[in-house]
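Shown next, in structure tokens, is the structure this report addresses.
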Amino acid sequence: MKRRTFGALTAGAVVAGSLPARAADKVLRFVQNGNMTILDPIWTTAYVTRTHGYFIYDTLFSMDANNVVKPQMVEKHDVSADKTLWTFTLRDGLEWHDGKPVTSEDCIPSIKRWGARDAMGLKLMDFVKEMKAVDAKTFTIQLKEPYGLVLESLGKPSSNVPFMMPKKVAETDPFKQIDSQIGSGPFIYVNAESKPGEKHVYVKNPKYKPRSEPPSGLSGGKVVKVDRVEIIEMPDPQQQVNAIVAGEIDLIEQPPHDLIPILKGDKNVQTVDWNPLGQQFVYRMNHLQPPFNNPKIRMAALLCIEQEEYLKATVGEQQYYKVSSAAFIGGTPNAFEAPDGLFIKPNYEKAKALLKEAGYDGTPIVLMQSTTLPVLTNTAPVTKAQLEKGGFKVDMQSMDWQTLVSRRTKKDPPAQGGWNVFHTFTVAADILNPISNTYMVAQGDKSWFGWPTDPEMEKIRDAYAKETDPAKAKELAHAVQNRAIETAQYGWIGQWYGPGAARKNIQGWLKAPVPVMWNVTKA
0 MKRRTFGALT AGAVVAGSLP ARAADKVLRF VQNGNMTILD PIWTTAYVTR
50 THGYFIYDTL FSMDANNVVK PQMVEKHDVS ADKTLWTFTL RDGLEWHDGK
100 PVTSEDCIPS IKRWGARDAM GLKLMDFVKE MKAVDAKTFT IQLKEPYGLV
150 LESLGKPSSN VPFMMPKKVA ETDPFKQIDS QIGSGPFIYV NAESKPGEKH
200 VYVKNPKYKP RSEPPSGLSG GKVVKVDRVE IIEMPDPQQQ VNAIVAGEID
250 LIEQPPHDLI PILKGDKNVQ TVDWNPLGQQ FVYRMNHLQP PFNNPKIRMA
300 ALLCIEQEEY LKATVGEQQY YKVSSAAFIG GTPNAFEAPD GLFIKPNYEK
350 AKALLKEAGY DGTPIVLMQS TTLPVLTNTA PVTKAQLEKG GFKVDMQSMD
400 WQTLVSRRTK KDPPAQGGWN VFHTFTVAAD ILNPISNTYM VAQGDKSWFG
450 WPTDPEMEKI RDAYAKETDP AKAKELAHAV QNRAIETAQY GWIGQWYGPG
500 AARKNIQGWL KAPVPVMWNV TKA
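Shown next, in the form of structure tokens:
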């Protein structure tokens, strides 16, 4: 069973949130790309939970529409001449939903908890010697040596996000889920009206003080222009489309590509390109359990990949996808095409030879298939067919996305509830460099699900993190990709794009890696 974590709101928040929506209230009804049962955005990387985090929490820094990191909760920051002592001062007026002020004593454990789970956080914490509160609004981060990605880490845009939480909440073991939803963000979560599987309710935080700058990406003034937002849990894509055409909901994060023509054909609906950088499909193997604990067998799996088969099966129209063997998103500074046609042209005979050489015994690969995220549903059948052509036996097990998200945390053998391989996708903004790319982490138990261990990979990533020369940094990014291929750490199986949908009376949906609901108006 999946664990459901719903913290009690404070008395003030309950009073505000328990009031029923009035007829005059402006209510946004929004459908995400899947149902949400986990509310801890540090415990899971699930995007639905990350989006929930942006509703109720705030961040020290954030990334604007040009991918530049800007202060958010921070008023000012300084770094010493030797680049090892960073000082941060919070801006005035920051307040938790229960009315208590946000302080340095809250921020430090929040950074530590995030730093125990996130790819960039893990690397940053490798360089941190000490974090200390100077006073209620000021704290310092003392580094062991200079590190060039401090602000980029604290301002990273997507899973896991370094959200600030109250001290007591942030001190929760990072490998256990929190039991509170008190944040300092622009919305307040209404526990009393929220029901997993049906809806999640948020009301405008009347005490939130936005920054004075105009909004840009995830930075600037988070001005809420509606009274409440209801995330409606509606897993059936056709039902979503019918509902938005009928005016029963206002926005859909990610309508299936085959239904986009219906949306474009309705005079009351618009498509919105809110994430122009797009996404990448990911092929993740379990390094702890046979047979993928053997690098030759992992490589055999990668040799079976033909990206376009995935993209045709999941996305369909070529205008919405791009074949690219680059780990760091084709068309961006760190993009390098993989050699020998890897990920583009399968080599089934070489895969079979590697399996024989590695002694693969024919035990079926447990492949988890998500059935409730439309864009992922067809990835697993493609993998099953490709692996079988390469000599593998495959046991494809179907489940809803939240069950998959829970099961992927298990390190048990597949026969005891574990797994061998699954697919996910990641927003492009998450994987533009070797440090932000979660899938490149190779620190064993500290790695993302699949738990690869490779000291050599970590040496190259460290070198990238320290490098200040852009040309040399690019070379190191190339070395990271090459190392990931050499060890068959994971696979990337194509880039894709897709607009959201909104009723035409909805305006202000910001271009960002995350679907945020501040700045949105409803006429």
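If you use numbering that gives the first Met the number 0, the sequence shown corresponds to residues 0 to 522, in order.
We treat Cβ as the ideally placed atom computed from N, Cα and C, and that holds for glycine.
Would leucine 250 and alanine 501 be called neighbours here (beta carbons separated by less than 7 Å)?
Yes, the Cβ-Cβ distance between leucine 250 and alanine 501 is below 7 Å.
Provide the residue span of the beta strand (DSSP E) that contains glutamine 480, from first to last.
Where glutamine 480 is concerned, there is no enclosing beta strand (DSSP E), although the alpha helix (DSSP H) it sits in stretches over 469 to 485.
Quick one: residues in its chain with C-beta nearer than 6 Å to the C-beta of lysine 136, no 5 flanking neighbours on either side, listed in chain order?
Around lysine 136: Thr88, Leu89.
Expressed to the nearest angstrom, what Euclidean distance is found between the alpha-carbon atoms of lysine 111 and alanine 64?
Spanning the two alpha carbons is a distance of roughly 27 Å.
How far does the beta strand (DSSP E) with leucine 375 in it extend, from its first residue to its last?
Segment 373 to 376 is the alpha helix (DSSP H) holding leucine 375; no beta strand (DSSP E) there.
Under the assumption that alanine 299 contacts glycine 196 (Cβ atoms under 8 Å), give the Cβ distance between them as a whole number of angstroms.
40 Å between Cβ atoms; not a contact.
Leaving out five residues on either side along the sequence, give the residues of the same chain with a beta carbon under 6 Å from the beta carbon of threonine 520.
Excluding positions up to five away in sequence, the list reads Lys224, Gln506, Gly507.
Within 10 Å of its beta-carbon, does alanine 10 have 16 or more other beta-carbons around it, so buried, or fewer, so exposed?
Since pLDDT at alanine 10 reaches only 30, below the 50 mark, its modelled position is unreliable, and the value read off the structure follows with that caveat. It counts as exposed.
Following the continuous beta strand (DSSP E) through lysine 131, name the residue where it begins and the one where it ends.
Its beta strand (DSSP E) spans residues 127 to 132.
Are there 16 or more other CB atoms within 10 angstroms of the CB of valine 513, so buried, or fewer, so exposed?
By the 10 Å Cβ count, valine 513 comes out buried.
Considering only C-alpha positions, which residue in the set Val26, Met284, Met439 is nearest to valine 200?
It is Val26.
Classify glutamate 247 as buried or exposed, calling it buried when 16 or more other Cβ atoms lie within 10 Å of its own Cβ.
The residue in question, glutamate 247, is exposed, as its Cβ has fewer than 16 Cβ neighbours within 10 Å.
Tell me the start and end of each unbroken beta strand (DSSP E) in the region 394 to 426 that is at least 3 residues and wholly inside, in chain order.
Within the region 394 to 426, the complete beta strand (DSSP E) runs of at least 3 residues are 420 to 426.
When the Cβ atoms of the region 448 to 455 are set against those of the region 66 to 77, are three or more pairs found closer than 8 Å?
In short, these stretches do not touch, since the Cβ pair count stays below three.
Taking the runs of the beta strand (DSSP E) that are 3 residues or longer, which of them lie wholly in the region 168 to 217?
Counting only runs of 3 or more, we get 186 to 188, 198 to 203.
Do you know offhand how far glutamate 212's Cα is from phenylalanine 54's?
Rounded to the nearest angstrom, the two C-alpha atoms are 19 Å apart.
Considering only their Cβ atoms, is the gap separating isoleucine 181 from aspartate 97 smaller than 7 Å?
Yes.
Ignoring anything shorter than 3 residues, give me the beta strand (DSSP E) runs that lie fully in the region 74 to 115, in order along the chain.
Counting whole runs of 3 or more residues, the region 74 to 115 contains the beta strand (DSSP E) stretches 84 to 89.
Would DSSP call methionine 516 helix, strand or coil?
The answer is coil: DSSP assigns methionine 516 none of H, G, I, E or B.
I believe valine 149 touches leucine 123 by the beta-carbon criterion, under 8 Å. Please report the beta-carbon distance rounded to the nearest angstrom.
That belief holds up - the Cβ atoms of valine 149 and leucine 123 are roughly 7 Å apart, short of 8 Å.
Beta-carbon within less than 7 Å of lysine 263's beta-carbon, same chain only, minus the 5 sequence neighbours each way: which residues are those?
Contacts found: Thr270.
Entirely within the region 435 to 468 and at least 4 residues each: give me those alpha helix (DSSP H) ranges in chain order.
Here the runs fully enclosed are 454 to 465.
What is the rounded straight-line gap between the Cα of methionine 284 and the Cα of asparagine 267?
Spanning the two alpha carbons is a distance of roughly 43 Å.
Run the CB neighbour count on glutamine 253, radius 10 Å, all protein chains shown included, and call it buried at 16 or more, exposed below.
Buried, because 16 or more other Cβ atoms sit within 10 Å of the Cβ of glutamine 253.
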